[in-house]
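*Asks:*
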Amino acid sequence: MVYRVKDYEAILTELNGKLWDLAEIRFEEFESSRLTAKVLEEHGYAVESGVGGLPTAYKAVYGSGSPVLGLLAEYDALDGLSQEADALEKRVRPGTSHGHGCGHHLLGTGIIGAALALREYAEAHPGKGTIIVYGCPAEEGGSGKTYMARAGVFDGIDIALTWHPGTMNAAMTGSLLANCQAYFRFHGVSSHAGAAPQKGRSALDALELMNVGVNYLREHMEMTDRIHYAITNTGGISPNVVQAEAEVLYLVRSRDNESVKELYRRVVNIAKGAALMTGTTLEIEFDKACSNVVPSDTLGQLLYDSMIKIGVPMYTEEERRYILGYRKVIGDKAADNDAGLLPEFDMETRGRLCREHPLGDFILPFEPQDVIETASSDMGDISQIAPLLQLQCACFSLGTQPHSWMQVAQGKSSYAVKGMLFAAQTITEAAVSLMENPELVEKAKEEKKRRTKGRTYECPIPEGVVPAAFRKKGQRVLEHSLPASACPVSR
54 MVYRVKDYEA ILTELNGKLW DLAEIRFEEF ESSRLTAKVL EEHGYAVESG VGGLPTAYKA
114 VYGSGSPVLG LLAEYDALDG LSQEADALEK RVRPGTSHGH GCGHHLLGTG IIGAALALRE
174 YAEAHPGKGT IIVYGCPAEE GGSGKTYMAR AGVFDGIDIA LTWHPGTMNA AMTGSLLANC
234 QAYFRFHGVS SHAGAAPQKG RSALDALELM NVGVNYLREH MEMTDRIHYA ITNTGGISPN
294 VVQAEAEVLY LVRSRDNESV KELYRRVVNI AKGAALMTGT TLEIEFDKAC SNVVPSDTLG
354 QLLYDSMIKI GVPMYTEEER RYILGYRKVI GDKAADNDAG LLPEFDMETR GRLCREHPLG
414 DFILPFEPQD VIETASSDMG DISQIAPLLQ LQCACFSLGT QPHSWMQVAQ GKSSYAVKGM
474 LFAAQTITEA AVSLMENPEL VEKAKEEKKR RTKGRTYECP IPEGVVPAAF RKKGQRVLEH
534 SLPASACPVS R
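Take the sequence shown: its position 87, counting from 1, is numbered 140 in my numbering, and each next residue is one higher.
Below you can see the structure in the form of C-alpha cells.
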C-alpha cells in the first residue's frame, strides 16, 4: 500500500501559505507553532506544548512500538528579509520586516505532510513503530533544538528525520560546524573627551581592540574555523563623550564541540586583554551553541533510493515559466554553477545536470563525503543523540541563494509546494522502510556509534543558560567556558 502525502495537498498548501504570511522569527513563532500542532491534533496526534521549557516548541505522538522515529519540524523566519511573494525584484512586503529566507515554512509543512501519511501506516500496522513530531523553534540564531536536547526532549528516539528546502534534490551528507555565541560587554568611565580625556576609560576602545585582536587570530585558526561578530552597542553618538559602555556579539565556529571550546577560549582571552589595555572591565554573557553534525551514509543511501523510487516532480508550463523568470534574474552562469547544499559534490556532474535540467528536476547521485561544510545547524545536536536522516529538495530556482529576498519571493509558489510534497513523500517512504526493516535502524546506529567512538551526547549549552528571549529583565548568565566536548566526528 502507498501512503500518499498528495492526499493532503490542499491542507498542506494552505498551511504553507499561512506560515509564509506569518513569518515569525526565533522564539516568537507562537501562531506558527499553534497552526502546525493543530493540524497534527486534528489527525489523531497527542500534542504536548511547551516542551523543553520553550513556549513555541511541542511534541506530537502517534503509534506504538519500535522503532521510535523523530520527525523534526521548523517554522522560524528571519528578520530583515521582508519581500512580496512572486516578485522578480526586491520589493518589501508592507507591515513586516521578516521573511522566510531559509524556507522553514516549507520545512515544517513538509514534516507535517509526512506525519499525516505515516499516521495511516501506524494505524494499519499497530506496534510497528512510534511517530513523534517535534515542533522546533529558533533554528536561526537561537539553537532551539539544542535547548530541547539539553532538557532530554529527544531521548529515546531511534532515528531522526528531516529535510531542507533547496535548489536541487539530494540526500545530504558530510558534516556541519559546531558553534557557540556570546555577548562581550565592556564597561568604562565616561568623561569629557576634550576637557578631561585622561579621566575617561573607553569601552568602545576596548571593543575595537578586541575586534582587531580577533582579526589577527584569523591567521592562526584551522581552515574550517569561522568567527563572526556584530557590534550591538557603540556607547552613544556623541564624539565628545568617552563611551562608558559597548557591546559586541560573537559567533565562533569550528569542526566539533571540542575545537569550538578551544577557539572560544582564545577569543575570551583576547577580550580580557582588550579590557586590560583600556582599563575597562569585561562581562561575558553566553548566549547559545550547537554541535557538529554526525553524518549517516546508511540513511543517505536509503534517502537516495527512496527519491529514485518516487521520481522527481512533473512541472506545468506555467511553473516552468515561473522558475525560468527567476533564472533570468540570477543568470545562467550562476544557475549552472549552483552549489546547492553540497558544495563539495562532483562539480562536473552537478554542472551537467544543472545545464540539462534548468528546472532542477534531477536527483544528485548519492556520494558519501568526508567534507565539513562551514555552515551550522542545531540539527547537529540531534545527530549526536540519534542517527539523522536529511535531504534537500528543489523548491527554488537554481542559483537562488539562501537568506535572500529571492528565496522569500518563491516560497509560496506551486513550484515550491511541489518540492515540499516530494520531500514529504520521500521521508514517508524512508520511514516506512525503517519500520519494516529494523536491521536498517541497527545499521544506522552502529555507524553513528563508530563515528562518535561510542561517546554519549553532552549539550554544549551550559546549565542555567536560557534563551535571551525568555530571560527575566536584568537576568544575565555569565559564562567564560564551555562544557566538555559532546562527540567529535570520526571518519
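Positions of the beta carbon are idealized from the N, C-alpha and C atoms, including for glycine.
Residue range of the alpha helix (DSSP H) that F83 falls in?
*Replies:* Looking up residue 83 in the sequence shown gives position 30. Note, F83: alpha helix (DSSP H), 83-95.
*Asks:* Would DSSP call E142 helix, strand or coil?
*Replies:* On the sequence shown, residue 142 is found 89 positions in, with the first residue counted as 1. If DSSP states are grouped into helix, strand and coil, E142 belongs with coil.
*Asks:* Could you check where the beta strand (DSSP E) with N445 kicks off and where it finishes?
*Replies:* Walking along the sequence shown from the start, residue 445 turns up at place 392. Going by the sequence as given, residue 445 is Gln instead of Asn. Here the beta strand (DSSP E) through Q445 covers 441-447.
*Asks:* Using only alpha-carbon positions, find the residue among H153, K341, C448 that is nearest to A202.
*Replies:* Counted from its first residue, the sequence shown places residue 202 at position 149. Considering only alpha carbons, the answer is K341.
*Asks:* Decide if C506 is buried, meaning its Cβ has at least 16 other Cβ atoms within 10 Å, or exposed.
*Replies:* By 1-based counting over the sequence shown, the position of residue 506 is 453. For the record, residue 506 in the displayed sequence is Lys; it is not Cys. Exposed: under 16 other Cβ atoms inside 10 Å.
*Asks:* State the start and end residues of the unbroken alpha helix (DSSP H) segment that holds L406.
*Replies:* Residue mapping note: residue 406 aligns to position 353 of the sequence shown, counting from 1. It spans 400-409 - the alpha helix (DSSP H) in which L406 sits, taken as one unbroken run.
*Asks:* In whole angstroms, give me the CA-to-CA distance for A249 and V242.
*Replies:* Translated into the one-based positions of the sequence shown, residue 249 becomes position 196. Translated into the one-based positions of the sequence shown, residue 242 becomes position 189. Each residue's alpha carbon lies about 12 Å from the other.
*Asks:* Report the three-state DSSP secondary structure of Q354 (helix, strand or coil).
*Replies:* Start at 1 with the first residue of the sequence shown, and residue 354 comes out as number 301. Helix, per DSSP.
*Asks:* Taking DSSP as the reference, what is the three-state secondary structure of F523?
*Replies:* Position 470 of the sequence shown holds residue 523. Note: F523 maps to helix in three-state DSSP.
*Asks:* Within the segment 217-293, note down every full alpha helix (DSSP H) run reaching 4 residues or more, in order along the chain.
*Replies:* If we require 4 residues or more, the alpha helix (DSSP H) runs fully inside the segment 217-293 come out as 256-270.
*Asks:* Is it buried or exposed, S467, if we count other Cβ atoms within 10 angstroms and call 16 or more buried?
*Replies:* Within the sequence shown, the letter at position 414 stands for residue 467. Classification of S467: exposed, given that the 10 Å Cβ count is below 16.
*Asks:* Please identify the residue among L487, W458, V121, K471 whose C-alpha is closest to the C-alpha of G364.
*Replies:* To locate residue 364, count along the sequence shown from 1; it is residue 311. Residue K471 is the option with its Cα nearest to G364.
*Asks:* Go to I185, then tell me how far its beta strand (DSSP E) extends in each direction, as first and last residue.
*Replies:* As a working note, residue 185 is residue 132 in the sequence shown. Segment 181-189, the beta strand (DSSP E) holding I185.
*Asks:* Go through its chain and collect everything with a Cβ distance to F83's Cβ below 8 Å, but skip five positions before and after it.
*Replies:* Here residue 83 corresponds to residue number 30 of the sequence shown, with the count starting at 1. Excluding sequence neighbours, F83 sits near E77, P108, T109.
*Asks:* Buried or exposed for V295, going by 16 or more other Cβ atoms inside 10 Å?
*Replies:* Locating residue 295 in the sequence shown gives position 242, counting from the first residue. It counts as buried.
*Asks:* Select from E482, N293, E142 the residue whose C-alpha is nearest the C-alpha of A246.
*Replies:* The sequence position of residue 246 within the sequence shown is 193, counting from 1. Ranking the options by Cα distance to A246, first place goes to N293.
*Asks:* Which class does H178 belong to by DSSP, given the choice of helix, strand or coil?
*Replies:* The sequence position of residue 178 within the sequence shown is 125, counting from 1. In the structure shown, H178 sits in coil (DSSP, three-state: anything other than H, G, I, E or B).
*Asks:* Distance check for H456 and V145, CA to CA, integer angstroms please.
*Replies:* One-based indexing of the sequence shown puts residue 145 at position 92. One-based indexing of the sequence shown puts residue 456 at position 403. So the two alpha carbons sit approximately 15 Å from each other.
*Asks:* If we ignore side chains and look at the alpha-carbon of each, how far apart do S307 and L316 end up?
*Replies:* One-based indexing of the sequence shown puts residue 307 at position 254. One-based indexing of the sequence shown puts residue 316 at position 263. In a straight line, the C-alpha of S307 is about 8 Å away from that of L316.
*Asks:* Whole beta strand (DSSP E) runs in the segment 293-328 with 3 or more residues, listed along the chain?
*Replies:* For the segment 293-328, whole beta strand (DSSP E) runs of length 3 or above, ordered along the chain, are 298-307.
*Asks:* So what does M117 bridge to, in DSSP terms?
*Replies:* Stepping through the sequence shown from its first residue, residue 117 is reached at position 64. According to the sequence displayed, residue 117 carries Ser and not Met. DSSP, once it has assigned bridges, lists G182 as partnering S117.
*Asks:* Bridge partners of S102, per DSSP?
*Replies:* Counting from 1 along the sequence shown, the entry for residue 102 is found at position 49. For S102, which the question treats as bridged, DSSP gives the partners Y111.
*Asks:* One question on the structure: do G219 and G393 come within less than 8 Å of each other, judged by their Cβ atoms?
*Replies:* Against the sequence shown, residue 219 aligns to sequence position 166. Against the sequence shown, residue 393 aligns to sequence position 340. Yes; because the gap between Cβ atoms is below 8 Å, this pair is in contact.
*Asks:* Can you tell me where the alpha helix (DSSP H) with A342 in it begins and where it stops?
*Replies:* The count along the sequence shown starts at 1 and reaches residue 342 at position 289. Per DSSP, A342 belongs to no alpha helix (DSSP H); it is in the beta strand (DSSP E), 334-343.
*Asks:* What is the residue span of the alpha helix (DSSP H) that E489 lies within?
*Replies:* The residue you call residue 489 lines up with position 436 of the sequence shown. E489 -> alpha helix (DSSP H) spans 467-489.
*Asks:* Quick check on this structure: which residue in L451, G384, P147, I383 has the alpha carbon closest to the alpha carbon of F546?
*Replies:* Outside the shown range of the chain, which is 54 to 544, sits residue 546, and nothing can be said about it.
*Asks:* Within the same chain, show all residues whose beta-carbon is closer than 7 Å to that of P491, passing over the 5 residues directly before and after it, in chain order.
*Replies:* Position 438 of the sequence shown, counted from the first residue, corresponds to residue 491. The answer, listed in chain order, is P120.
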